[in-house]
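Asker:
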Amino acid sequence: MIPTVFMISIVSFGLIQLPPGNYATALAAQMAANGETLQQAQIQALEARYGLNEPFLVQYGKWLVGVLHGNLGQSFIYNTSVSSLIADRLPMTIVLAVATLAMTWAISFYVGIVSATKQYSIRDYVLSTLAFLGLATPNFLIALVLMYLGSKYLGMSVGGLFSPEWVDAPWKLGKWVDLLSHLWVPVLVIGAAHTAGLFRIFRANLLDELHKPYVVAGRARGVSERTLLMKYPVRVALNPFISTIGWTIPAVITGDIIVGQVLSLRTTGPLLLEALLAQDVYLAGAIILIVSILTVIGTLISDVVLAWFDPRVRLRSI
Amino acid sequence: MTLPGPTDNAIAARVNAVDDQIEDDGDLFAESELAALPDASPSKLFWRAFRKHRLAFISLIVLLLMCGVALVPEFLAPTTPDHLHSLHAYAPPQRLHVYESTPEGSRLGLYVYGYTSTVNKDTNAIRYVVDPSQRVDVGLFVRGQPYKLFGLIPSSIHLLGSMDSSQPFFLLGADANGRDLLSRLIYGTRISLSVGLIGVLLAFVLGIVLGGLSGYFGGRVDSVVQRIIEFFMSIPTLPLWLALAAAMPLSWGSLQRYFAITVILAIVAWTGLARVVRGRFLAMRGDEFVLAAQLDGNSVLRTTMRHMLPSFTSHLIAQLTLSIPSMIIAETSLSFLGLGLASPAISWGVLLQAAQNLRAVSTAPWLLTPGIAVVIAVLALNFIGDGLRDAADPYKR
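Chains A and B supply the protein sequences, listed in that same order. Be aware that the first sequence starts at 20, since it is given in our numbering, and climbs by one per residue. Be aware that the second sequence starts at 62, since it is given in our numbering, and climbs by one per residue.
1. Give me the Cα-Cα distance between B:Ser-244 and B:Phe-231, rounded to the nearest whole angstrom.
2. Whose Cβ in chain A lies nearer than 9 Å to the Cβ of B:Asn-443?
3. Quick check on B:Pro-405: buried or exposed, where buried means 16 or more other Cβ atoms within 10 Å of its Cβ?
4. Enumerate in chain order the residues of its own chain whose CB-to-CB distance from B:Gly-399 is below 8 Å, with the five nearest sequence positions on each side excluded.
5. Tell me whether B:Leu-220 is buried or exposed, calling it buried when 16 or more other Cβ atoms sit within 10 Å of its Cβ.
6. Hey, A:Val-153 and A:Phe-221 are a contact pair by Cβ (cut 8 Å); roughly how many whole angstroms apart?
7. Based on DSSP bridge pairs, tell me the residues matched to B:Pro-215.
8. What do you get for A:Gln-280, buried or exposed, if any count of 16 or more other CB atoms within 10 angstroms of its CB means buried?
9. First and last residue of the alpha helix (DSSP H) that includes A:Ile-132?
10. Consider the Cβ of B:Ala-416: report whether some Cβ of chain A lies at a distance smaller than 8 Å.
11. Quick check on DSSP: helix, strand or coil for A:Glu-66?
12. So, does the stretch 309-322 of chain A touch the stretch 134-143 of chain A, judging by three or more C-beta pairs under 8 Å?
13. Quick check: what's the CA-CA separation for B:Gly-257 versus B:Val-361?
14. Any Cβ of chain E within less than 8 Å of the Cβ of B:Gly-448?
15. Would you check if the distance between the CB atom of B:Ala-459 and the CB atom of A:Leu-295 is smaller than 8 Å?
16. Please report the distance separating the alpha-carbon of A:Lys-250 from that of A:Glu-228.
17. Excluding five sequence neighbours on each side, which residues of the same chain lie with their C-beta closer than 7 Å to the C-beta of A:Leu-109?
18. Assuming B:Asp-225 is part of the alpha helix (DSSP H), what are its boundary residues?
19. Check whether the stretch 265-282 of chain B touches the stretch 333-345 of chain B, counting contact only when three or more Cβ pairs, one atom from each stretch, lie closer than 8 Å.
20. Hey, is B:Phe-118's beta-carbon within less than 8 Å of any beta-carbon in chain A?
21. Taking Cβ to Cβ, would you say A:Phe-159 is nearer than 8 Å to A:Ile-264?
22. Excluding the five sequence neighbours on either side, which residues of its own chain have a C-beta within less than 8 Å of the C-beta of A:Leu-334, listed in chain order?
23. Step through the CB atoms of chain A and report whether any lies within less than 8 Å of the CB of B:Pro-300.
24. Between the stretch 382-396 of chain B and chain A, which residues of the former have a C-beta closer than 8 Å to a C-beta of the latter?
25. Could you tell me which chain A residues have their CB closer than 7 Å to the CB of B:Phe-292, listed as they occur along the chain?
26. A:Met-250 CB to nearest chain B CB: under 8 Å?
27. So which of B:Leu-419, B:Ala-304, B:Val-435 and B:Ala-354 has the shortest CA-CA distance to B:Leu-246?
28. To the nearest angstrom, report how far apart B:Ser-253 and B:Pro-431 are at their CA atoms.
29. Would you check if the stretch 415-427 of chain B and the stretch 358-378 of chain B touch, i.e. whether three or more CB-CB distances between them fall below 8 Å?
30. Alpha carbon to alpha carbon, how far is A:Ile-126 from A:Val-145? Give it in angstroms, no decimals.
31. Can you tell me where the alpha helix (DSSP H) holding B:Gln-355 begins and where it ends?
32. Do you know whose CA, among B:Ala-110, B:Asp-348, B:Pro-103 and B:Val-197, lies nearest B:Asp-447's CA?
33. Distance check for B:Leu-262 and B:Ser-384, CA to CA, integer angstroms please.
34. Is there at least one Cβ from chain A nearer than 8 Å to B:Val-422's Cβ?
35. Measuring CB atoms only, is the stretch 308-323 of chain B touching the stretch 302-311 of chain A, in the sense that at least three cross pairs come out at less than 8 Å?
36. Can you find a CB in chain A that lies within less than 8 Å of the CB of B:Val-256?
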């Protein structure tokens, strides 16, 4: 686990260094595009200040030592410490991730059961079609369509996580209500593909279980349909719900990059995109590192929960 | 541990007996069907099973049509993608009329209505509305903007277009520069579809070589390749793509960028394929037919390619088909963010870039139509993949 995180940190640091040039030249190019000029001496001063001309391993080593001391470095574009930027954005990202996971689970659980128990019914066909559409549509397209429909027919601004008047307001009840009224759009958009995928797996698993002899045996003994369904086949088929916990966090963050851009959310996704484009090494590296660590932790949690939940997993290795 | 009681056993036995009977009937039916076709080769049986999957079959036809569009966009598009009608920025879609009603009765005649422009007093923005009093004649096989078919044969015949090429003809509306969206969509098909296909071929080669090595030799080679795969799988996909795409020099031309994008897509996609190949090779390498092939003095290459790989080709093809859609979506997303292809190259993602903010979308909702093309292509490929997978599975038949 630790080596994985270590490897990822090297690669994420290296990936950001890949584009030719560095932050100073990127800034110079950006300023040149705006009609301003950056003197060669200023570029060199910037490079010297941030140590941009040192070899890759030296830069990486310095960064790693800093990270281990809890110092994520300075962001070039925002000119503040990376930790404060991330601290500003991360809570909302986690709220988004948790809400997305909850919605994904709730919808695919309910819809999967309906669809599997009423196979080949109209409801099954409608739900399966919707799931296929959810899988096939790029999520930024869903966001755009929702934005268009929202502004045209509901007269509301779909976008952001708060209405303008609540952005800087203290956390009172009204702000929470406002958050909830905005949160459903990004949650729906980011979770669409994941929900559809989970639903398909759950439905297929459940369909496999429903025709096994033990179900018929239970039914023959007079167990009520509901108890029979919930107690045995659903428990067996629930496996993918748990095993994808770890996978949810990167999925939300990557979905957030595009969707956050379209819906202008103040989460880590758009920040990462901005940092990557401007070659803000420490900011981008820190975000990718945090995402990777969260992913690894998530995978660990899902393994533990799976072992606790599913005796087949627990007993297999013994 | 509790042992199931005798009643349980009895019930289970009876249930099994009933099940067996049903299954026997099914087998008998299948056998009689097979007996009628004694000369069907495996590929014929595969094709027959695939055709029974109606949705997959329809999707195959849709995909073939799209490939046809990608092959000759110059002829099918009403005009060239860069032909400007600067006076018709954001012109809305026109409806194609097939019948016209004249005083003598209705008769066949292709036409669309022209536009009139109105100026919004508050914002000074020009808006175009379809004006039924103007008529633009439309014809089949009309002469229009010159182009080179396959980049070689000069021609100017378009399948459908306005008789007078200076007249506006926008079946799907126009973009901000007054270019025909339908034509651009048709031209974009080539890049958007081929990115997926070429990317998958690259991933396929990588996956077979590395997965094959891993599964065939096992041991140390296997664990090295496995670590590489795990490593690639643990990096979040989109940041990886973004960083690689951002690493492309801006001076690169569209062709270079195009190949770079396919390589970037393949770098992420090969791991899944490699795992499939490895799993199959690991399971198979102890089999007698592999041993026989080895004892006959076949080289490693021949043993794997001639004897082992064909035993799961159909499964592999299904797997390949199912990994194309994610590539198409990835290309669209990258180009949408401005990190993938950029104009003058035309792909569906590049076209969607024009619809990036709410203002553009609300003035010109038809800019989202390339998204529909993406959805159709991705759905069709998914269904075909499902159909192929079912057809490849001998236990489902």
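Beta carbons are placed, not taken as given, at the ideal position from N, Cα and C, and that holds for glycine.
Answerer: On the basis of the supplied data:
1. 9 Å
2. By Cβ distance, chain A contributes Phe-151, Leu-154 and Ala-155.
3. exposed
4. Gln-414
5. B:Leu-220 comes out exposed.
6. Looking at the sequence shown, residue 153 of chain A is not Val but Gly. About 14 Å separates the beta carbons of A:Gly-153 and A:Phe-221, which is beyond the 8 Å limit, so they are not a contact pair.
7. B:Lys-209
8. buried
9. Where A:Ile-132 is concerned, the enclosing alpha helix (DSSP H) stretches over 101-136.
10. yes
11. helix
12. no
13. 30 Å
14. The structure shown contains no chain E; the protein chains it does contain are A and B.
15. In this structure chain B extends from 62 to 458, so residue 459 of chain B is not present and cannot be described.
16. 12 Å
17. Thr-287
18. Taken as a continuous stretch (DSSP letters only), B:Asp-225 belongs to no alpha helix (DSSP H), as it is neither H nor E.
19. yes
20. False, the Cβ-Cβ gap to chain A never drops below 8 Å.
21. no
22. none
23. At a cut-off of 8 Å between beta carbons, B:Pro-300 contacts chain A.
24. Pro-386, Ile-390, Thr-393 and Ser-394
25. Met-26
26. In the sequence as presented, Met is not what sits at residue 250 of chain A; that position holds Lys. Answer no: the Cβ-Cβ gap between A:Lys-250 and chain B never drops below 8 Å.
27. When the alpha-carbon of B:Leu-246 is set against those of B:Leu-419, B:Ala-304, B:Val-435 and B:Ala-354, the nearest one is in B:Val-435.
28. 10 Å
29. no
30. 14 Å
31. 349-356
32. Nearest option by C-alpha distance: B:Ala-110.
33. 11 Å
34. yes
35. no
36. no
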